[in-house]
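S.K.: Residue numbers (my numbering): 1 to 228.
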Ligand SMILES: O=C([C@H](O)CO)[C@H](O)[C@H](O)COP(=O)(O)O
């Protein structure tokens, strides 16, 4: 089985801070995600900048599209996005639009299950439509209310639909392996990386945990072990 991919969610609003954080973290992750607040605030120029600076990382633009799927997503695929997200609560025509435009550019569409009531039914429906990735997602506001993505992950994973499953919602080094064991093929971490004292070390630690590779964690890991 292929190793899972690790994705870092860039959720700052500040353009330069986002580029600086991406520079620090890019060597340790597979996918750079431009988070929803970040892309809304900074626009497509940020995608163009990251695309030019990070040719070896995939880039996900978290548009969370709710209408006009093809029309809204197309410029982002054109500008180099590898994955664009569409809301699972959107009209099926909107979801199909993003899948169609992803296919037009040889890229991927991710359907985000945030706030979808019948997650099993919608997952089956969009998988049949050709969705490339299902996003199991406990949003920041839901996390603040104490929710986690694990039950939803088990549900989606148990459907065995053969599509990639991305998991986001407070994932950290201590839970990265748990989400992979439960069926995630893409592990997303935002706050656990950008909120760490050493984001590069935190990203490396999460990657090692998700992929099951050995990592001393460098100086950060050594200090952590010493004081734990
Ligand atoms: O998608 C996200 C959120 O809805 C804001 O757009 C976050 O990027 C995602 O939840 C990952 O961040 P963490 O939950 O902090 O790991």
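Where a beta carbon is used, it is the ideal one built from N, C-alpha and C, also for glycine.
#1: When DSSP builds the beta bridges, which residues end up paired with residue 207?
#2: Using only the heavy atoms of ligand 1, determine whether one of them is closer than 7 Å to the beta carbon of residue 28.
#3: Given a threshold of 16 other Cβ atoms within 10 Å of its Cβ, counted over all protein chains shown, does residue 134 qualify as buried or as exposed?
#4: Decide if residue 71 is buried, meaning its Cβ has at least 16 other Cβ atoms within 10 Å, or exposed.
#5: Among 124, 198, 156, 29, whose alpha-carbon lies nearest the alpha-carbon of residue 56?
#6: For residue 77, tell me which candidate among 59, 67, 64 has the shortest Cα-Cα distance.
#7: My output table needs one value for residue 178: the three-state DSSP class, helix, strand or coil.
#8: Say yes only if the C-beta of residue 168 is nearer than 7 Å to one or more non-hydrogen atoms of ligand 1, and no if none qualify.
#9: Determine contact between the stretch 9 to 23 and the stretch 37 to 52, defined as no fewer than three beta-carbon pairs at a distance below 8 Å.
#10: Can you tell me whether residue 228 is helix, strand or coil according to DSSP?
#11: Which of helix, strand or coil does DSSP assign to residue 117?
#12: Apply the 10 Å Cβ neighbour rule to residue 34 and answer buried if 16 or more other Cβ atoms are within range, or exposed otherwise.
#13: Cβ of residue 9 versus every heavy atom of ligand 1: is any distance shorter than 7 Å?
#14: With the cut-off set at 8 Å, would you say residue 173 and residue 25 are in Cβ contact?
M.R.: On the basis of the data shown:
#1: The partner list for residue 207 (beta bridge, DSSP) is empty, contrary to what the question assumes.
#2: no
#3: buried
#4: exposed
#5: 29
#6: 59
#7: helix
#8: yes
#9: yes
#10: Annotation note: pLDDT 43 at residue 228 (below 50); position unreliable, no value reported.
#11: coil
#12: buried
#13: yes
#14: no
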